[in-house]
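Residue numbers (full-length UniProt numbering): 1 to 854.
Take a look at the structure below.
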Amino acid sequence: MGSGVQFRKASLYLANVLLIASLLIFAKGFFPHKAFLTGLAAWSAGHQPRPAPFDRVLFMVVDALRSDFVYSNASHFSFTQSLIRSGAALPFTGHASAPTITMPRVKAITTGSVPSFVDLVLNFAESDTTSTLKDQDSWLAQMREKGGNLVMYGDDTWLRLFPDFFHRAEGTTSFFVSDFTEVDNNVTRHIPSELQNDDWSAMTLHFLGLDHIGHKTGPKGPNMPAKQAEMDKIVRQIYTAMEDTEHMNSCLLVLLGDHGMNEGGNHGASSPGEVSTALTFISPKFKSAFEGQHSPVHDALDYKYYDLVEQSDIVPTLAALLGFPIPMNNLGVAIPRLLELWTVENDRYSLLYENAEQIHRIAEATFPDAFGQISTDCSATSGDDASRLACLWRQVETAHSDLATRTASIPTLKSFLYKAQTLLSGTASNYDLTIMQAGVAMATLALGLCLPSFIPSLLQSGVDGIILGFTMLVYIITMFASSYVEEEHQFWYWMLSAWLVVLFCKDARYYSSPSTLGGPMGTALAFIFLLATRRWRQTGQKYAGEPDLLIELVVPNSWILWALVIITYTHLSRNLSSRVVKWMGARQMSLLPILISISAFLFKIAFTAADAPELLATFPLLRPLVAFVSRYPLVSMARIVFLGLAHLLSCSVYYEAPWQGIENLREFLDAVQDVLSLFLVTQSRTVYIPLYLFFSLQVYLLRRGRQYSVSEISILALLAQYASFFMFGGTNSIATIDLSNAYNGVSGYNVVAVGALTFVSNWAGPVWWAFAVCQLYSAPQLRKGGVGMMMTTTATFACVHTLAVMVACLVLREHLFIWTVFSPKYLYTAAWVVGQHTVVNMLAVGGLLWWGHG
């Protein structure tokens with residue numbers, strides 16, 4: 001092997017190591033580190049807590065309870081609306097900051113802190129301060145400190161966050177979102193007995209059914225009205241007990257959603273529907289203190305009904321209503337409307353001042369320089385944000401020192417609270433620009449290691465090189481616009497379409513007869529299949545939930561879907577069977593891959609029956625199979641499939657022996673593609689399985705034509721991988737991460753197995769194309785090491801991709817959408833670089849090809 005090839009390999013290896021290191025370094029400076037105060041808050045010396053209006057709380061969380069589900073004309077919370085009209089319920093819209101997923105939102109509504117997108121990463125950690133809240137101050141910890149018992153029924157997220165907190169508990173784990181009823185019945189059945197028990201001071205109920213309906217059919221799905229009415233009935237049941245049962249007279253009911261949902265029924269990002277939740281405080285005591293409000297109300301702008309409050313405001317409000325110290329890391333502000341329960345203005349001032357003192361401690365820890373050097377003549381209108389906030393605190397302290405001016409300073413007190421909340425919630429801490437710049441520099445160095453190999457290849461490729469360079473340049477530009485990041489799929493769809501047009505034009509010049517299936521006609525057919533895959537599933541943010549082939553044609557006519565699915569499995573089974581016959585020389589051995597394919601198909605039917613039963617409801621031919629597979633556990637069925645696939649893969653290694661020559665390598669690549677396809681089909685949702693059939697037809701048509709150059713194959717590999725990610729419903733939003741296939745064959749939580757399966761199920765399209773394009777190489781191209789250009793191209797683009805996103809995050813760090821658009825994009829970029837580029841392209845595909853070549 002020549003020294004040039006050795007240098008190229010070494011530089012690519014080093015570039016990839018540096019690229020991954022740059023991602024970690026940049027993340028350390030980019031993602032905010034919040035000032036974290038340890039311990040439990042306690043009353044200050046000599047402080048006499050005021051008598052609390054309530055002695056217990058019933059915290060009823062309805063997952064994904066968007067504000068309009070309770071407050072609008074279309075709501076079926078009729079009893080709750082009657083309580084609002086009578087004054088027994090105080091309604092608010094609770095603002096849930098991104099990421100709008102359950103675990104960070106539970107952290108917010110229990111500690112008063114504001115989790116960020118870094119929590120998505122920290123949730124995988126095992127340290128007590130990140131994966132649980134047992135060592136953090138929260139209203140649950142404070143209620144337990146008072147000596148009360150806690151009980152919990154519902155989403156087992158609470159049990160993971162608060163281990164050993166609950167006197168009685170039963171967590172519900174519903175893996176399949178098609179479970180609308182049982183998952184809530186497991187909570188509801190405990191309510192009657194618990195309402196009779198008087199040994200608890202806080203009861204948490206977390207219902208998942210409404211969220212599942214949203215994921216399956218959207219916010220206007222046919223099951224939504226009945227589910228809302230079911231939740232409203234539970235509110236009635238609890239309220240009746242509060243009126244009729246003595247020990248429940250001083251119980252506060254809080255009805256809320258942890259997050260909302262968008263029009264597609266998903267959540268995780270920051271659209272108005274995802275961040276607007278219902279938040280209602282309910283008690284018979286409120287009737288004498290508050291006037292009723294109109295309910296229902298007409299649709300509000302951006303789902304903002306009644307007063308808008310932050311979800312973190314729940315925590316100090318509960319502290320006041322239940323009489324415990326405000327948790328130490330709270331950034332919420334006690335809701336002024338509820339403080340009206342205290343008729344003496346000095347009491348209201350004291351509650352707000354306690355809130356301000358607590359937030360001041362966080363501000364002082366976050367901005368020690370600003371709060372450590374407050375001059376006596378400072379101005380609350382000049383200087384940076386931290387200095388102005390520190391000056392405002394001095395004004396609060398000055399007014400507090402004079403008993404005569406305390407109550408008159410309430411507006412100043414509120415001003416400090418809300419400005420501190422905005423500043424601390426929005427920034428959490430200053431970016432470490434030095435570390436961020438170091439990350440950018442390291443990524444630049446990685447790119448520099450790729451360029452000596454990439455630029456000569458680019459210059460030698462002629463028009464292909466110009467197109468590739470243009471693609472990279474335009475992509476860099478799009479990363480600096482939030483709307484283009486949200487709609488990135490459009491870029492890849494158009495670039496892949498344009499590339500097939502270029503190939504068509506080249507084929508037309510190459511072939512004299514247009515009737516050849518593998519020539520221009522084949523490329524044209526491949527383009528038609530591309531149009532179908534582009535329209536298969538509507539993705540992005542702007543048009544999410546809009547009509548597509550699935551919604552308009554396939555799902556309403558499920559026989560079309562299952563016909564395509566069966567054809568896909570049959571195609572894979574036929575390919576594998578013919579290979580086994582070739583390997584073993586016995587036709588009867590073809591039964592082995594047939595049995596494995598049938599097992600995979602039966603698993604998919606069983607999985608679909610649990611995850612999306614509506615896809616089977618209108619296709620009666622499969623009902624006997626559904627009844628048959630329902631007797632077997634999904635985990636065992638998946639393991640059987642995986643073991644069968646592992647056996648076929650080992651056979652392909654043994655019989656094809658790719659290290660013995662290029663022809664063996666080509667046969668081995670074809671065999672691996674068939675085994676991999678069956679594995680990826682197993683890891684994909686049923687509605688996406690036909691895409692593999694369309695992809696296979698595209699590769700078949702392209703293989704029948706002329707021999708494409710290395711540069712043409714390299715560009716196709718890049719474009720097809722990125723475009724196919726979005727064809728499977730992927731976006732740059734956390735809301736579209738698909739966890740449905742993350743536990744196939746896994747009986748318990750294993751971070752490595754679940755992480756790998758999650759990646760494969762979300763990047764199934766790119767993984768498929770990474771291996772599929774290898775089939776387009778000729779033996780001479782493989783023999784001459786031409787695959788090196790594809791590796792160089794993917795490595796160079798990975799560096800360009802990473803650099804563009806890093807610089808965008810650095811330059812736009814004060815942008816309005818930095819945490820809702822660019823931060824998720826950075827996390828997706830890390831997944832692309834580490835998972836798809838490094839593991840799949842470089843180690844798996846690149847290693848395999850270089851192994852066979854060497």
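Just so you know, even glycine gets a beta-carbon here, dropped at the ideal spot from N, CA and C.
Keep in mind it's a predicted model, so treat the numbers as computed, not measured.
### Inter-residue CB distance, S453 and S11 (contact presumed, cutoff 8 angstroms)
Along the sequence shown, read from residue 1 onward, the residue named residue 453 stands at position 453. Along the sequence shown, read from residue 1 onward, the residue named residue 11 stands at position 11. Sure, about 7 angstroms apart at Cβ, within 8 angstroms.
### Query
With DSSP run on the structure shown, which of helix, strand or coil describes H489?
Taking the sequence shown and counting its residues from 1, the one referred to as residue 489 is at position 489. The answer is helix: DSSP assigns H489 an H, G or I state.
### Query
Between which two residues does the beta strand (DSSP E) carrying R168 extend?
Taking the first residue of the sequence shown as 1, we reach residue 168 at position 168. R168 -> beta strand (DSSP E) spans 168 to 172.
### Query
What is the C-beta distance between V681 and C774, in whole angstroms, given that I count them as a contact (C-beta under 8 angstroms)?
Your numbering for residue 681 matches position 681 in the sequence shown. Your numbering for residue 774 matches position 774 in the sequence shown. Not confirmed; about 19 angstroms, so no contact.
### Message
Within 10 Å of its beta-carbon, does A563 have 16 or more other beta-carbons around it, so buried, or fewer, so exposed?
### Response
For the purposes of this step, residue 563 is taken as residue 563 along the sequence shown, with counting starting at 1. That one is exposed.
### Query
How is the beta strand (DSSP E) around R56 delimited, first residue to last?
Within the sequence shown, numbered from 1, the residue matching residue 56 stands at position 56. Taken as a continuous stretch (DSSP letters only), the beta strand (DSSP E) holding R56 covers 56 to 62.
### Query
Taking Cβ positions, are F281 and G87 nearer each other than 8 angstroms?
Start at 1 with the first residue of the sequence shown, and residue 281 comes out as number 281. Start at 1 with the first residue of the sequence shown, and residue 87 comes out as number 87. No.
### Message
Could you check whether S312 and L331 sit closer than 8 angstroms to each other, using their CB atoms as the reference points?
### Response
Counted from its first residue, the sequence shown places residue 331 at position 331. Counted from its first residue, the sequence shown places residue 312 at position 312. A contact, by the Cβ cut-off of 8 angstroms.
### Message
Using a 10 Å radius around the Cβ and a threshold of 16 neighbouring Cβ atoms, would you call T129 buried or exposed?
### Response
Taking the first residue of the sequence shown as position 1, residue 129 is located at position 129. Summary for T129: the model assigns pLDDT 45, below 50, so the residue's position carries little reliability; its value from the coordinates is reported in the next sentence. Looking at its Cβ environment, which holds fewer than 16 other Cβ atoms inside 10 Å, T129 is exposed.
### Message
So, at 8 angstroms on beta carbons, what are the nonlocal neighbours of Y303 in its own chain, with the 5 sequence-adjacent residues on each side left out?
### Response
If you number the sequence shown from 1, residue 303 lands on position 303. Closer than 8 angstroms at Cβ, skipping near neighbours: R66, S67, D68, T93, G260, P272, G273, S276.
### Query
Ordered along the chain, which non-local residues of its own chain (more than five positions away) have a Cβ less than 7 angstroms from that of T172?
Here residue 172 refers to the residue found at position 172 of the sequence shown. The answer, listed in chain order, is G154, D155, D156, V183, N186, V187, L208.
### Query
Using the C-alpha atoms, what's the distance from M203 back to L616?
In the sequence shown, the residue the question calls residue 616 occupies position 616. In the sequence shown, the residue the question calls residue 203 occupies position 203. Looking at the two C-alpha atoms, the distance is approximately 39 angstroms.
### Query
Which value, in whole angstroms, describes the spacing of the CA atoms of Y654 and F30?
Working through the sequence shown from its first residue, we reach residue 654 at position 654. Working through the sequence shown from its first residue, we reach residue 30 at position 30. Between Y654 and F30, the C-alpha separation is close to 48 angstroms.
### Query
Could you give the distance in angstroms between the alpha-carbon of A428 and the alpha-carbon of P766?
Counting from 1 along the sequence shown, the entry for residue 428 is found at position 428. Counting from 1 along the sequence shown, the entry for residue 766 is found at position 766. With a pLDDT of only 46 at A428, under the threshold of 50, the placement of this residue in the model should not be trusted, and no figure is reported.
### Task
Compute every distance between the C-beta of D135 and the non-hydrogen atoms of the ligand FMN, then say whether any falls below 7 angstroms.
As far as ligands go, the structure on display features none, and thus does not contain the ligand FMN.
### Task
Classify A269 as helix, strand or coil using the three-state DSSP reduction.
Your numbering for residue 269 matches position 269 in the sequence shown. Of the three classes helix, strand and coil, the one that applies to A269 here is coil, per DSSP.
### Message
For A319, which residues in the same chain have their Cβ closer than 6 angstroms to its Cβ, ignoring the five residues on either side in sequence?
### Response
The residue labelled residue 319 in the question sits at position 319 within the sequence shown. Cβ within range, chain order: I326.
### Query
Would you call the stretch 441 to 452 and the stretch 16 to 28 in contact, with 3 or more CB pairs under 8 angstroms?
yes
### Task
Below 7 angstroms CB to CB, which residues in the same chain sit around A524 once its five sequence neighbours on both sides are set aside?
The residue you call residue 524 lines up with position 524 of the sequence shown. Result list for A524: F504, in chain order.
### Query
Among T731, A532, F480, which has the Cα closest to the Cα of S497?
The count along the sequence shown starts at 1 and reaches residue 497 at position 497. With distances taken between Cα atoms, S497 lies closest to A532.
### Message
If contacts are defined as beta-carbon pairs under 8 angstroms, then Q421 and E310 qualify, I think. What distance do you get, rounded to the angstrom?
### Response
The residue labelled residue 421 in the question sits at position 421 within the sequence shown. The residue labelled residue 310 in the question sits at position 310 within the sequence shown. Contact flag correct, Cβ pair sits at about 7 angstroms.
### Query
What are the start and end residues of the alpha helix (DSSP H) that includes P456?
Start at 1 with the first residue of the sequence shown, and residue 456 comes out as number 456. First-last of the alpha helix (DSSP H) with P456: 433 to 460.
### C-beta contact flag for S457 and M789 at 8 angstroms
Numbered from 1 along the sequence shown, position 457 holds the residue referred to as residue 457. Numbered from 1 along the sequence shown, position 789 holds the residue referred to as residue 789. Cβ distance < 8 angstroms, so S457 and M789 count as in contact.
### Span of the alpha helix (DSSP H) around T93
Indexing the sequence shown from 1 puts residue 93 at position 93. That residue, T93, is in no alpha helix (DSSP H); its beta strand (DSSP E) goes 89 to 95.
### Message
Here's a check: name, in chain order, each residue in its chain whose Cβ is nearer than 7 angstroms to the Cβ of residue 857, leaving out the five neighbours to either side.
### Response
Because the chain in this structure spans residues 1 to 854, residue 857 falls outside the shown range and cannot be described.
#### Entry: Spatially closest choice to S599 from V580, S573, V396, by CA coordinates
Translated into the one-based positions of the sequence shown, residue 599 becomes position 599. S599 has its Cα closest to that of S573, out of V580, S573, V396.
### Task
Starting from the C-beta of A42, find all residues in its chain whose C-beta is less than 7 angstroms away, skip the five residues before and the five after it, and write them out in chain order.
The sequence position of residue 42 within the sequence shown is 42, counting from 1. Only P325 meet the Cβ criterion.
#### Entry: Own chain partners of E126 with C-beta closer than 6 angstroms, once the 5 adjacent residues on each side are dropped
The residue labelled residue 126 in the question sits at position 126 within the sequence shown. The pLDDT assigned to E126 is 38, lower than 50, so where the model puts this residue is not dependable; a value taken from the coordinates is nonetheless given after this. Hits under 6 angstroms: none found.
#### Entry: Cα-Cα separation, V565 to P690
Your numbering for residue 565 matches position 565 in the sequence shown. Your numbering for residue 690 matches position 690 in the sequence shown. Approximately 6 angstroms between the Cα atoms of the pair.
### Query
Ordered along the chain, which non-local residues of its own chain (more than five positions away) have a Cβ less than 6 angstroms from that of M1?
The residue given as residue 1 occupies position 1 in the sequence shown. For M1, the pLDDT reaches just 48, beneath the cut-off of 50, and the residue's location in the model is therefore unreliable, although a value from the coordinates is still provided. Cβ within range, chain order: n/a, list empty.
### Message
Let me check understanding here. Comparing Cα to Cα, which of F180, S201, Y239 lies closest to H215?
### Response
By one-based count along the sequence shown, residue 215 stands at place 215. Selected option, being the one with the closest Cα: F180.
#### Entry: Residue(s) in a DSSP beta bridge with M584
Reading the sequence shown from its first residue, position 584 is the one you call residue 584. DSSP, once it has assigned bridges, lists no residue as partnering M584.
### Message
Considering just the uninterrupted stretch of the beta strand (DSSP E) at V309, what are its terminal residues?
### Response
Working through the sequence shown from its first residue, we reach residue 309 at position 309. Where V309 is concerned, the enclosing beta strand (DSSP E) stretches over 307 to 310.
### Task
Only counting runs of 4 or more residues, tell me where the alpha helix (DSSP H) segments fall wholly within the stretch 218 to 262, in order along the chain.
224 to 244
### Query
DSSP three-state call for F207: helix, strand or coil?
For this step, residue 207 is matched to residue 207 along the sequence shown. F207: strand per DSSP, three-state reduction.
### Query
Skipping 5 residues on each side, what residues in its chain have a beta carbon closer than 7 angstroms to that of G112?
Sequence index remark: in the sequence shown, residue 112 carries index 112 (1-based). So the qualifying residues of the chain are S312, V315, P316, P327, N329, N330, L331, G332.
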